[in-house]
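Asker:
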């Protein structure tokens, strides 16, 4: 994980190898420029221990806690600002509804048993 991307990988205790294949996912921390002192941003950075991503969704700036969920469906996602011109506009932090794609569950179950299955 660094400022501009993070890696997602899946491992099962049943895997024959200790190797974990990862996928690199982009993050956009530059969207937080000007929001460094905004309490919701500070609180989420602290709470996630740095394991968060930043992205633009519509006109919103969203921080996702990467510690719970499957890419891109994280459980804890918060809109902390809106895109403004020229600077982001502060908003009251709002937790976004969790998106659950239950169609992925059979594939996840297969991955537990077979390291060759991609999620």
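Numbering (this note's numbering), first residue to last: 1297 to 1415. Glycine included, C-beta positions come from ideal geometry on N, C-alpha and C.
Considering Cα atoms alone, identify which of 1307, 1304, 1328 is closest to residue 1378.
Answerer: Taking the chain shown and counting its residues from 1, the one referred to as residue 1378 is at position 82. Among 1307, 1304, 1328, the Cα nearest to that of residue 1378 belongs to 1328.
Asker: State the DSSP-derived secondary structure class of residue 1399, mapped to helix, strand or coil.
Answerer: Locating residue 1399 in the chain shown gives position 103, where the first residue counts as 1. Reduced to three states, the DSSP call for residue 1399 is helix.
Asker: One question on the structure: do residue 1304 and residue 1337 come within less than 9 Å of each other, judged by their Cβ atoms?
Answerer: Here residue 1304 refers to the residue found at position 8 of the chain shown. Here residue 1337 refers to the residue found at position 41 of the chain shown. In this structure, residue 1337 does not lie closer than 9 Å to residue 1304 by Cβ.
Asker: Which ranges would you report for the alpha helix (DSSP H) in the segment 1334-1396 if only whole runs of at least 4 residues count?
Answerer: 1335-1343
Asker: Using alpha carbons as the reference points, say which of 1297, 1339, 1306, 1354 lies closest to residue 1347.
Answerer: By 1-based counting over the chain shown, the position of residue 1347 is 51. Checked all of 1297, 1339, 1306, 1354; the closest Cα to residue 1347 is 1297.
Asker: From residue 1406 to residue 1395, what does the alpha carbon distance come to, in whole angstroms?
Answerer: Counted from its first residue, the chain shown places residue 1406 at position 110. Counted from its first residue, the chain shown places residue 1395 at position 99. Distance between the alpha carbons of residue 1406 and residue 1395 is about 21 Å.
Asker: Determine whether the beta carbon atoms of residue 1416 and residue 1310 lie at a separation below 9 Å.
Answerer: Outside the displayed span of the chain (1297 to 1415) sits residue 1416, for which this structure offers no information.
Asker: For chain C, check one thing: does any of its Cβ atoms lie closer than 9 Å to the Cβ of residue 1403?
Answerer: This model lacks chain C altogether; it includes just one protein chain.
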